[in-house]
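Input: a single structure, listed below in structure tokens.
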Amino acid sequence: MTWHNLRLGGLASRLAAFCLILAGLTMAGQAEFNGVQLQDGDIFLTQGPSILSEIYARYGNPPGNYSHAGVFFYDSQRRPKIMHVQTSPRISDLRSFLQNYRQSAVLRKKLDEAQHRRLGETLRAWSLDTAILNAAFDYKMEDVPGRRDQFYCIGFLNEIWRSCDLQPPFALGEKNEPSIIKSFVKQEFGIDLDNVITSSSILQNPEFSLLTEWHDPSWSSHDQFLPEQVLAAIVSYVEEGYSGRGMGPLQGWIMRTALRWKGYGKDAAYVLHMMNQASAFHKKVFER
329 MTWHNLRLGG
339 LASRLAAFCL
349 ILAGLTMAGQ
359 AEFNGVQLQD
369 GDIFLTQGPS
379 ILSEIYARYG
389 NPPGNYSHAG
399 VFFYDSQRRP
409 KIMHVQTSPR
419 ISDLRSFLQN
429 YRQSAVLRKK
439 LDEAQHRRLG
449 ETLRAWSLDT
459 AILNAAFDYK
469 MEDVPGRRDQ
479 FYCIGFLNEI
489 WRSCDLQPPF
499 ALGEKNEPSI
509 IKSFVKQEFG
519 IDLDNVITSS
529 SILQNPEFSL
539 LTEWHDPSWS
549 SHDQFLPEQV
559 LAAIVSYVEE
569 GYSGRGMGPL
579 QGWIMRTALR
589 WKGYGKDAAY
599 VLHMMNQASA
609 FHKKVFER
């Protein structure tokens, strides 16, 4: 697969997400995604192409296929929005939120009329609260009840639900098996993945129903091979005793070498690009 084809694949992904959402947009105050009419409080799970997203999804608690989450709501003008946390809490258009993810799921908790109204009102209020929107990112990724000055995506959504006197959607599962990756992340980032609640945990919550899942049709088995191989290379690298802070200067060589072993040398540039797409969180960690 050439770099040109990969660029076309990315364009196809964004176009597919755009058409999927556009087809479900009707009059103001109504939106559909993948055949589901959306309501205030619907939770979106997503998985992006970053290798670190793969790590969070696979090695968090519990492991799964999703690394991020946001909550859907209609703003005061009845426009469909997603509230979520990246470097800080933010409000995104539904279309723009989904453009960079290769798979998504929508879940919903059955609420009575009063609960549903309170949740919608809270989401609209939080979306306009400058103190909330200016909260810092929680680099340790902890869910701390009552804390409003820093968040990560899961703690943020749990706190919204607590503020509505509702049980949080996300909770820790049982501890996973020990692994070199978990030890590495704890040593280098100070993050204990056994105590990081993942977005996939909501799939074990019986109070939430899975309404739909969407997979980017342009994402092929070959595309999936790339993060798989990158992750395998990182594991080998860590097993050799290298530290995360030394990974940056050598990661290009590692990725190119790993791919050449598998006969995918032409994709090395794309993998390096993928590794460099780290969020501000990942950059912050390595620059500490």
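Under the working numbering, the first residue of the sequence shown carries the number 329, and numbering increases by one thereafter.
Positions of the beta carbon are idealized from the N, C-alpha and C atoms, including for glycine.
A Cβ-Cβ distance of about 5 Å is found for the pair F465 and T415, placing them in contact under the 8 Å criterion.
Following the DSSP letters along the chain, one finds R436 inside the beta strand (DSSP E) bounded by residues Q431 to K437. For the set I519, I530 and P545, the Cα lying nearest the Cα of Y384 is the one of I519. The three-state secondary structure of N389, taken from DSSP, is strand.
If you ignore the 5 residues before and after R436, its C-beta comes within less than 6 Å of the C-beta of D370, S537 and L539, all in its own chain and listed in chain order. Of the candidates Q405, A463, D493 and V513, the residue whose Cα lies closest to the Cα of D440 is D493.
With respect to the 7 Å criterion, V364 and V413 are not classified as neighbours on the basis of their beta carbons. For A560 and P506, the gap between their C-alpha atoms comes out near 16 Å. In the DSSP assignment, L426 falls within the unbroken alpha helix (DSSP H) covering L422 to L426. L500 and N428 do not touch by the CB rule: their CB atoms are close to 27 Å apart, not below 8 Å. By the Cβ-count criterion, S511 is exposed, with fewer than 16 other Cβ atoms from all chains shown falling within 10 Å of its own Cβ. The alpha carbon of T458 has as its nearest neighbour, out of A397, R418 and R445, the alpha carbon of R418. The alpha-carbon of L451 is positioned some 24 Å away from that of Q532. Per DSSP, the beta-bridge partners of H543 are Q431.
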